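Line by line, the protein sequences give chains V and D.
So the number in our numbering is just where the residue sits in the first sequence, counting from 1, plus 111.
So the number in our numbering is just where the residue sits in the second sequence, counting from 1, plus 135.
Ideal Cβ positions, reconstructed from N, Cα and C, are used throughout, including at glycine.
In this text, all values refer to a predicted model and were calculated from it rather than measured experimentally.
Everything below concerns the one structure shown next.
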Amino acid sequence: MDELEQTILDYVIDEYIEDGEEIGVESPLISAGIVDSFSMVSLKTFLERRYKISIPDDKASPEAFDNVKSIAQVVRDILG
Amino acid sequence: MPNMGDYNDVYPNFTWKKAEEVLGYDGGPLNIGWYCSDRICEQGKGKKLALIWEGFTGEVEKYTFDELRQNSNTYGEFLRSIGVVERDRVCIFMDKIPDLYFSFLGILKIGAIAQPLFSAFGEEALFTRMENAASSVILTTKKHYRKVRRIKDQLPALRHIVIVDDDSVGLEEREMIFNLKAAKKIDKIEIAKTGPESPSVLHYTSGTTGQPKGALHVHGSLIAQHITTKWVLDLRDDDVYWCTADPGWVTGTSYGIIGPWSLGTTQVVYDGGFGAAKWYRILQDYGVSVWYTAPTAIRLLMKEGTALVKQFKYPRLRHMCSVGEPLNPEGVIWGQEAFGLPYFDTYWQTETGAIVITNFPGMEIRPGSMGKAFPGIEAVVLDLKTHEVIAEPNKVGLIALKPGWPSMMREYWNNPEVYGKKFINGWYITGDRSSIDKDGYFWFVGRDDDVINTGGHLVGPFEIESALIEHEAVAEAAAVGKPDPVNMEVVKAFVALKPGFSPSDDLELSIMNYIRKRLSPLAMPQEIEFVDKLPKTRSGKIMRRLLRAKEWGEDLGDTSTLEDD
């Protein structure tokens, strides 16, 4: 797990996970109901502010945001 | 030929007696739980599949109507064993797992009141609804029980918190485990002698002012839910039906449980989040023939294009309906392009309990229209000021319905004053505006109040504002709906900060997450605008209308009551 994935994972655990639950970088988020399409907005906002990027809507699909690993890839692609 | 036959022949001669005949009800006891399971078995369909369930990780479970009957009996007997009696409010707070469906019918079978709660609710939203209803029991899961644990000390009426999916949870006072799979199955249960006016389901819905209100329904609602399912969703014996709604909301119970199972229909429930390819696979793999979904989902699917749709096959799909908010003409037309079928838009509310205005199979669809009144429903538009019936076509007014259909709510729980305000001159006022064309088609215009319709769900600005001002940095706040291409509206908050706080990205995110966790993701402002002060009347009331008009690019209207700077 690299630093980017760790940062995103920490944020997801802090904001979306109840105490005691464990998740990893490949745990499903959207399809597991941990993050829904409305909550995705705050996650996307966090990434945009933290990394000073703009994530286009077509990159912020439920599939792309379904786990920390793929979210990190979206960020990496935009950062170039 | 559609189940209904020809609308123009049916509408003039329809009475609700006819609906009772279609259901097979001839007076006496009426219990939704029995009609949806035991009766189907008595009709010789016990071995037919009632539920095909797929979880988010791909696991599949299937249950026959006989298993539905037994599992709901088992839930009913368990609830009786812990002291639940008729009219007790029993909350169901879980994802769309099979236990939700079994327990819902079990609660109804013993004459208690089922109180479904959306599983994404935060503790504040939970507390408001459970405190108002003085709920006695909550059925929940490992994923959600902690939210209940955090508020249970403020809920003296709450006797039991029951965790249904995990035996290993460390229990505290008032908490217990129920494991359906390990429980002895109950083959026979004494069904409560409920009648058409016995309370059945309590769904909370939002208004402009005050906290959410509990719309109480009765077992007699089945008469309307059964016939609307048969005539509008057009379900037949060999159909496989998929309603994408969550039973935390009324569509998920009226048409995700009661209507289809009262007809003995096989239902698909998918407990995974939204994903275009996943949804198309569900339609394909389970041979879904009738599909009831929401405009927000349709617009998300549209964004993915038609090429993805064509990668899957839907040979059995024959009828598609939509609910939650008006379906724009593009959605109807896209359905035709993508599936070779239009979406039939349906209109109703938590309070109406069943579809009241709709497009019917076999009737010409006018894309963008809500359709026509269901037989037995007298629907009009009333003048916005005088509340007189508007006879002139195409003139905008308030949609109003003549009370008397079986699934009309019977009260707002513990709130007779607000219930009374829903009726004017003998009409039930929906709070929505529309016009009616010369052929009787209704055309939706918008809400008549400040309630925000986001993704097909109503969110009350007062509830959001009350939570916003509990954030440490917020002095005052207003919440309005702003236009959104996918969700129709999303929540936008205007926030004035307390001294010592200044606007920042981190603060905006902190406020967003605060609301998401306290209320729900639906209520979370998708945008926050920091302001020095909010527009108010001279009497100090925040002029939400003005903020909303700005977001929608509308005329600001009368601002003469605005306080001076």
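8 Å or more divides the Cβ of D:Val586 from the Cβ of D:Ile490. Residues of chain D whose Cβ lies closer than 7 Å to the Cβ of V:Asp113 do not exist, since the nearest Cβ in that chain is about 23 Å away. Excluding five sequence positions before and after D:Ala247, the CB atoms of its chain that fall closer than 6 Å to its own CB belong to Val219, Asp223 and Val225, given in chain order. Classified as buried, V:Leu140 has 16 or more neighbouring CB atoms from the shown chains inside 10 Å of its CB. Shown here, D:Trp151 sits in a helix according to DSSP, grouped into three states. For D:Leu203, the three-state secondary structure derived from DSSP is helix. In terms of beta-carbon proximity, D:Leu642 stays away from the interface with chain V, with every pair separated by 8 Å or more. Under the three-state reduction of DSSP output, D:Gly408 falls in the coil class, being neither helix nor strand. For V:Ser181, no Cβ of chain D is located within less than 8 Å of the residue's own Cβ.
Pairing D:Ala185 with D:Thr401 gives a Cβ-Cβ distance under 8 Å. Per DSSP, the beta bridge partners of D:Ser457 are D:Thr428 and D:Asp480. In terms of beta-carbon proximity, V:Pro167 stays away from the interface with chain D, with every pair separated by 8 Å or more. Here D:Arg568 carries a strand assignment [DSSP, helix/strand/coil]. Within the region 178 to 258 of chain D, the runs of beta strand (DSSP E) that reach at least 3 residues and sit entirely inside it are, in chain order, 184 to 190, 195 to 199, 224 to 228 and 248 to 251. With fewer than 16 neighbouring CB atoms inside 10 Å of its own CB, D:Glu552 falls in the exposed class. In this structure, the straight-line span from the alpha carbon of D:Asp381 to that of D:Thr428 is close to 11 Å.
By the Cβ-count criterion, D:Gly305 is exposed, with fewer than 16 other Cβ atoms from all chains shown falling within 10 Å of its own Cβ. Only exposed fits D:Trp687, as fewer than 16 other CB atoms lie within 10 angstroms of its CB. In the displayed model, D:Glu664 falls within a strand according to three-state DSSP.
Judged by DSSP secondary structure, D:Glu465 falls within the alpha helix (DSSP H) whose first and last residues are Pro464 to Phe474. DSSP, reduced to helix, strand and coil, places D:Tyr339 within a strand of the structure shown. Residue nearest to D:Met647 within the set D:Tyr390, D:Pro464, D:Glu600 and D:Gly692 is D:Glu600 (criterion: CA-CA distance). D:Thr521 sits in coil when the DSSP states are folded into three classes, being neither helix nor strand. In this structure, D:Leu517 sits near D:Gly532, with a CB-CB distance shorter than 8 Å. Nearest Cα to D:Val353 within the set D:Ala602, D:Arg568 and D:Ala249: D:Ala249.
The CB of D:Gln661 comes closer than 7 Å to the CB of Val152 in chain V, given here in chain order. Residue-level contact check: D:Asp302 does not touch chain V, since none of the beta carbons of chain V fall below 8 Å from its beta carbon. DSSP places D:Arg680 in the uninterrupted alpha helix (DSSP H) bounded by Arg679 to Trp687. Look at V:Ser142: its C-beta is under 8 Å from a C-beta on chain D. Here DSSP, grouped into helix, strand and coil, assigns V:Val186 to helix. Leaving aside the five residues that flank V:Ala171 on each side, the residues in its chain whose CB is nearer than 8 Å to its CB run, in chain order, Met151, Lys155 and Val185. Per DSSP, V:Pro139 is not a residue of any beta strand (DSSP E), being assigned neither H nor E. D:Trp151 sits away from D:Gly488, with the two beta carbons spaced by 8 Å or more. If you draw a straight line from the Cα of V:Tyr122 to the Cα of D:Arg673, it is about 44 Å long. The closest CA to that of D:Trp483, considering only D:Gly179, D:Gly159 and D:Thr493, is found on D:Thr493. With the criterion set as a beta carbon lying under 8 Å from some beta carbon of chain V, the members of the region 188 to 200 of chain D are Phe191 and Thr192, in sequence order.
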